[in-house]
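In this note's numbering, the protein residues as written are -4 to 274.
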């Protein structure tokens, strides 16, 4: 009989509102995996020490969330192809004695649109320019979007993502200024809030002029807590179809857990756990 579980987890700041630990641990139990997932609140200045600690303790891997998805690149050994293109890491896996950065965010988001909207030929607007925005913009472009527009308070960050889109995909990368209230370009098929605005416990919503939003636009929010954000509620009130952040959360976790355990876990188990928490 052994008493040493394999360790995985998450580094973010803040961390208390992140439900990933609950759903991943539910999947571990369901599949009888001797793994644990530890949710860690890691300040920006402590990220290097956190990664060194995970390495020293033999962690099988870990997730990164706000604000560490780009900064972690300096503290790991190599990047998988998608992470290298995107320039952000949300999942790290151990390969023998090396830590390898992966990006599963964008793939998880694209999968969440399955059966809801066909991506090829669409015009997409992404609010934000952090790690999640990078991944979503690039993966939507790779999936066939015609145009990806970035809107961010810091224009240089949006310009960097637009350049990535134009360089690595056939889509057009476009930048619009963050002028409040935000006007959504005519003809937008998909609008994504990839900012942290609305995240528990701070709340709020991006300053979008919802009168500029067409009811045919699909509106998505990557915020997972709360599930029903004010941003999605307002879009619903305008007649838009909406997608919350739980689909992306589950989909990216399935990929990440497979990296750590070699097991393709049942997404229904994780969705059920989230439903028991958020309703």
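The C-beta atom is built at its ideal place from N, Cα and C for all residues, glycine as well.
Keep in mind it's a predicted model, so treat the numbers as computed, not measured.
| query | result |
| --- | --- |
| Beta-carbon proximity check, residue 219 vs residue 187, cutoff 9 Å | no |
| Straight-line gap, residue 136 to residue 48 (C-alpha atoms, nearest Å) | 36 Å |
| Residue 201 versus residue 26: straight-line alpha-carbon distance, rounded | 39 Å |
| Reduced DSSP secondary structure (H/G/I, E/B, other) of residue 186 | strand |
| DSSP-derived helix/strand/coil call for residue 117 | coil |
| Residue interval of the beta strand (DSSP E) (run including residue 181) | From DSSP, residue 181 is part of no beta strand (DSSP E); its letter is neither H nor E. |
| Spatial distance of residue 34 from residue 244 (CA atoms) | 15 Å |
| N-terminal and C-terminal residue of the alpha helix (DSSP H) that residue 146 is part of | Careful: residue 146 lies outside any alpha helix (DSSP H), inside the beta strand (DSSP E) at 142 to 147. |
| Alpha helix (DSSP H) runs contained entirely in the region 73 to 99, provided each spans 4 or more residues | 76 to 81 |
| Residue 256 (DSSP reduced to helix, strand or coil) | helix |
| Presumed contact (8 Å Cβ cut-off) between residue 59 and residue 6, rounded CB distance | 6 Å |
| Member of 138, 22, 14, 85 whose CA lies at the smallest distance from the CA of residue 263 | 22 |
| First through last residue of the beta strand (DSSP E) which encompasses residue 36 | 30 to 36 |
| Residue 56 (DSSP reduced to helix, strand or coil) | strand |
| Selection from 159, 61, 11 that minimises the alpha carbon distance to residue 191 | 61 |
| Segment contact flag, the region 193 to 210 with the region 169 to 183, C-beta cutoff 8 Å, min 3 pairs | yes |
| Euclidean distance between Cα positions of residue 228 and residue 40 | 36 Å |
| Residue nearest to residue 104 in terms of C-alpha spacing, selected from 253, 248, -3 | 248 |
| Close Cβ partners of residue 0 (< 7 Å) along its chain, the five nearest in sequence each way excluded | 29, 30, 31 |
| Residue 0 in three-state terms, based on DSSP | coil |
| Inter-residue spacing [alpha-carbon to alpha-carbon] between residue 168 and residue -4 | 56 Å |
| For residue 154 and residue 143, believed in contact at Cβ under 8 Å, the rounded distance | Residue 143 to residue 154, Cβ: 13 Å. No contact. |
| Per DSSP, the bridge partner or partners of residue 104 | The partner list for residue 104 (beta bridge, DSSP) is empty, contrary to what the question assumes. |
| Buried/exposed call for residue 230, threshold 16 Cβ in 10 Å | buried |
| C-beta atoms of residue 93 and residue 54 nearer than 9 Å | no |
| Short Cβ contact (9 Å threshold) for residue 10 with residue 36 | yes |
| Sub-9 Å separation of residue 99 and residue 272 beta-carbons | no |
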